[in-house]
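In this note's numbering, the protein residues as written are 40 to 138.
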């Protein structure tokens, strides 16, 4: 079974809900220059993140494509077989012989 995580003591100063409310209040009271600066920094970080993500996806795609190519050739495929007519063949299950 999965063991429970040990309880961690909180510092007791600020809870998550209170912290969220404080941040929201501070943001709503911030002047336009401060908001503009924050948005500019966020956009710059988002651009960097997207570039790094694109680079990682490109590298990962190349690795996946390389892994798809088998190092040993695959055996040839078997030709398709005709379907078996179930009415002609015997029962699918035969009981064991008596002892």
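All C-beta atoms in this analysis are idealised placements derived from N, C-alpha and C, irrespective of residue type, glycine included.
Beta-carbon spacing of residue 78, residue 66 below 9 Å: No, the pair does not count as a contact, with Cβ atoms beyond the cut-off.
Residue 115 versus residue 121: straight-line alpha-carbon distance, rounded: 19 Å
How long is the line joining the alpha carbons of residue 100 and residue 106, rounded to whole angstroms? 10 Å
Look at the Cβ atom of residue 47, then the Cβ atom of residue 53, and state whether they are nearer than 9 Å. no
Looking at the structure shown, is residue 120 part of a helix, part of a strand, or coil, going by DSSP? coil
CB-CB under 8 Å to residue 98, same chain, minus the five flanking residues each way: which ones, in chain order? none
Whose C-beta lies closer than 7 Å to the C-beta of residue 111 among residues of the same chain, with five residues either side of it excluded? Excluding residues within five positions, none has a Cβ falling inside 7 Å.
Determine the extent of the alpha helix (DSSP H) in which residue 63 is found, giving its start and end residues. Unbroken alpha helix (DSSP H) run through residue 63: 55-68.
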